Structures are given as structure tokens and as C-alpha cells.
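Student:
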Amino acid sequence: MPEPKAVNSMFARIARRYDIANRLLSGGMDVWWRWRMVRRVARGQPTDILDLATGSGDVAFSISRNVASANQIVGMDFCQPMLDEAVKKQAADVRKRYGNIRFQQGDGLALPLPDDAFDAVTIAFGLRNMGDRHRSLSEMHRVLRKNGRVFVLEFSRPQSWFRPIYLFYLRHGLPWLAGLVTGDRAAYIYLNETIEAFPDRTALCAEFLAAGFSRVESAGWTFGVVALHTAVK
Numbered sequence: 210m211p212e213p214k215a216v217n218s219m220f221a222r223i224a225r226r227y228d229i230a231n232r233l234l235s236g237g238m239d240v241w242w243r244w245r246m247v248r249r250v251a252r253g254q255p256t257d258i259l260d261l262a263t264g265s266g267d268v269a270f271s272i273s274r275n276v277a278s279a280n281q282i283v284g285m286d287f288c289q290p291m292l293d294e295a296v297k298k299q300a301a302d303v304r305k306r307y308g309n310i311r312f313q314q315g316d317g318l319a320l321p322l323p324d325d326a327f328d329a330v331t332i333a334f335g336l337r338n339m340g341d342r343h344r345s346l347s348e349m350h351r352v353l354r355k356n357g358r359v360f361v362l363e364f365s366r367p368q369s370w371f372r373p374i375y376l377f378y379l380r381h382g383l384p385w386l387a388g389l390v391t392g393d394r395a396a397y398i399y400l401n402e403t404i405e406a407f408p409d410r411t412a413l414c415a416e417f418l419a420a421g422f423s424r425v426e427s428a429g430w431t432f433g434v435v436a437l438h439t440a441v442k
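For the sequence shown, the numbering used here assigns the number 210 to the initial residue and increments by one for each residue that follows.
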């Protein structure tokens with residue numbers, strides 16, 4: 210499992226160029242993946258939503274724009290420099306669309322939030338970085354209301370013909386490009402290592418069940434490069 214202090218330090222180093230790196234390294238697909246997840250969130254018409262590992266706030270902003278029922282959105286991350294980037298983006302929005310978002314620092318392994326507080330919890334590309342996945346999933350379960358839903362968007366590993374192409378890019382192309390963009394090649398070697406060490410979709414579904422969730426579902430997108438897992442409390 211990742212070591213929290215090292216992960217925090219790594220994200221602090223790349224925070225200012227995190228968004229541009231995401232767009233470049235994914236060919237812009239990361240925006241579409243997040244939007245697809247948010248569209249799923251909107252179907253349940255949640256009013257109170259927690260976006261965990263919010264980073265620079267992309268999912269929280271998308272929820273604010275696309276989930277009409279959203280009354281309160283809490284964007285939480287344990288890396289303050291990443292949250293600083295989110296707050297800057299919120300303040301820079303001349304249309305002032307994001308008044309229902311509150312950004313807050315917090316640890317995904319011990320959320321500073323009450324029980325039964327949210328209708329939905331989202332987390333995009335953050336579960337891999339948790340030092341204890343079971344504890345993190347259990348915390349998400351705790352803060353959800355009965356029948357609330359969790360949405361976990363995470364990298365996966367293709368099982369089709371695309372797998373060798375993807376792994377070559379992940380192991381060689383991505384760290385090189387990321388080094389040029391962010392100046393921190395090591396951070397994206399870490400990305401590769403955590404993706405390859407992450408459980409497959411079947412194993413991750415079992416972890417949701419072990420944390421107390423039911424009605425667990427998963428769907429692979431873009432040849433299986435990413436997967437959306439959903440579950441109900």
C-alpha cells in the first residue's frame with residue numbers, strides 16, 4: 210500500500226501542473242471519464258455529495274455544473290497544495306457557478322465528517338493512493354446515508370489486444386512525457402507502479418462487499434483502461 214507522507218509530498222510537488230499533465234497524458238480522455246461518472250451520479254438526484262481525493266477539484270466542479278439536485282458538495286483531499294489549486298479555480302470563475310462547493314483538507318482513512326451525512330461519495334483516481342483501501346472504503350460507507358451510493362473511477366488493466374500497447378505506454382511513454390511536463394518523472398513511475406499493483410475489477414468488487422456495501426457493479430471504459438465501480442450502502 211502507498212505510504213501517505215510520500216504520496217502527499219509527491220502531489221504537493223506536481224500540484225501546479227497537475228491539470229495540464231492530466232490533459233496531455235490522457236489525450237484529454239480524463240475529462241470525458243470524469244463527466245461520464247458525474248452523469249451516473251446525477252441519475253440518483255443526490256443533494257449532499259462528498260468528492261474524496263478531490264485534488265484540483267475537477268469532479269467537484271463537474272458535479273456543480275451537471276447535477277441539478279446538488280445542494281452541498283464537499284471536496285476533500287489530504288494534500289493542501291492540491292486544494293489550493295482547486296480554490297484558485299473556484300475563485301477565478303467569473304460566472305460564480307460554484308458557490309455550493311466547500312473545499313476541506315481531510316484524511317481519507319479518518320474522514321473528519323459525521324456519520325450518514327451524504328447521498329453520494331465520488332472518488333476519481335484516488336483509491337489507489339490510499340494507504341489502507343479497506344479502511345478508506347469503510348469510511349466512505351460510514352459517511353453515506355442509507356441507500357447512498359459510492360462511485361469509484363480508477364485506472365484498470367485492459368485484458369484485450371490493447372493490453373501490450375497500454376502497458377508499453379504506461380511503463381515507458383508516460384513517465385517520459387510526464388517528466389517533460391511536470392519535471393517530476395518519479396511521480397509518474399509511481400503512477401505506473403500503483404496501476405499495475407491495483408486489484409482487478411473482480412477483486413475490487415470483493416473489497417467493496419467486505420467494507421459493507423451491496424449491489425456492487427463495475428464497468429470498463431476505453432478498452433478497459435479505466436473502470437467505474439458503483440455500490441450502495
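Every residue, glycine too, gets a C-beta built ideally from N, C-alpha and C. As the structure is a computational prediction, the values presented were derived from the model and not from experiment.
(1) The ligand FMN and residue 284: does any heavy atom of the ligand fall closer than 7 Å to the residue's C-beta?
(2) Output yes or no for whether 8 Å exceeds the beta carbon distance between residue 287 and residue 264.
(3) So, with DSSP's three-state summary, where would you put residue 315?
(4) For the candidate residues 365, 304, 312, 322, whose alpha-carbon lies nearest to that of residue 336?
(5) Relative to the C-alpha of residue 217, which residue among 281, 239, 317 is closest?
(6) For residue 298 and residue 270, I'd like the C-alpha separation in whole angstroms.
(7) Write down every uninterrupted run of the beta strand (DSSP E) in the segment 354-441 whose length is 3 residues or greater and which is fully enclosed by it, in chain order.
(8) Take residue 430 and list the residues in its own chain whose beta-carbon comes closer than 6 Å to its own, dropping the five residues that flank it on each side.
(9) By Cβ distance below 7 Å, which residues in the same chain neighbour residue 221 in space, the five residues on each side in sequence not counted?
(10) Give the DSSP bridge partners of residue 327, in chain order.
(11) Closer than 8 Å is the cut-off here; do at least three beta carbon pairs connect the segment 276-284 with the segment 252-267?
(12) Can you say whether residue 280 is buried or exposed, counting buried as having 16 or more other CB atoms within 10 angstroms of its CB?
(13) CB residue 410 to CB residue 436, shorter than 8 Å?
(14) Taking the alpha carbon of residue 332 as the reference point, which residue from 295, 258, 381, 433 has its own alpha carbon closest?
(15) Taking residue 248 and residue 390 to be in contact with their CB atoms under 8 Å, please state how far apart those CB atoms are, rounded to whole angstroms.
(16) Smallest Cα separation from residue 229: which of 392, 434, 416?
(17) What residues in its chain sit with their C-beta under 6 Å from that of residue 268, if we drop five residues either side in the sequence?
Tutor: Once the coordinates are examined:
(1) Here there are no bound small molecules, and the ligand FMN is not part of this structure.
(2) Counting from 1 along the sequence shown, the entry for residue 287 is found at position 78. Counting from 1 along the sequence shown, the entry for residue 264 is found at position 55. For residue 287 and residue 264, no; Cβs fall outside 8 Å.
(3) Stepping through the sequence shown from its first residue, residue 315 is reached at position 106. DSSP places residue 315 in coil when its eight states are reduced to three.
(4) Here residue 336 is taken as the residue at index 127 of the sequence shown, counted from 1. Closest by alpha carbon: 365.
(5) As a working mapping, residue 217 is identified with position 8 in the sequence shown. The shortest C-alpha separation from residue 217 is found at 317.
(6) Here residue 298 is taken as the residue at index 89 of the sequence shown, counted from 1. Here residue 270 is taken as the residue at index 61 of the sequence shown, counted from 1. If you take the alpha carbons of residue 298 and residue 270, they lie about 9 Å apart.
(7) Within the segment 354-441, the beta strand (DSSP E) runs of at least 3 residues that lie entirely inside it are, in chain order, 423-430, 435-441.
(8) As a working note, residue 430 is residue 221 in the sequence shown. Cβ neighbours of residue 430 beyond the five flanking positions: none.
(9) Your numbering for residue 221 matches position 12 in the sequence shown. The answer, listed in chain order, is 288, 290.
(10) Reading the sequence shown from its first residue, position 118 is the one you call residue 327. Partner(s): 353.
(11) yes
(12) For the purposes of this step, residue 280 is taken as the residue at position 71 of the sequence shown. It counts as exposed.
(13) Taking the first residue of the sequence shown as position 1, residue 410 is located at position 201. Taking the first residue of the sequence shown as position 1, residue 436 is located at position 227. Yes. Within cutoff.
(14) Locating residue 332 in the sequence shown gives position 123, where the first residue counts as 1. Comparing Cα positions, the closest option is 258.
(15) Looking up residue 248 in the sequence shown gives position 39. Looking up residue 390 in the sequence shown gives position 181. In fact, because the Cβ distance is near 28 Å, the residues do not count as touching under 8 Å.
(16) Mapped onto the sequence shown, residue 229 falls at position 20. Nearest C-alpha to residue 229: 392.
(17) Against the sequence shown, residue 268 aligns to sequence position 59. Within the same chain, residue 268 has close Cβ partners 243, 260, 331, 333.
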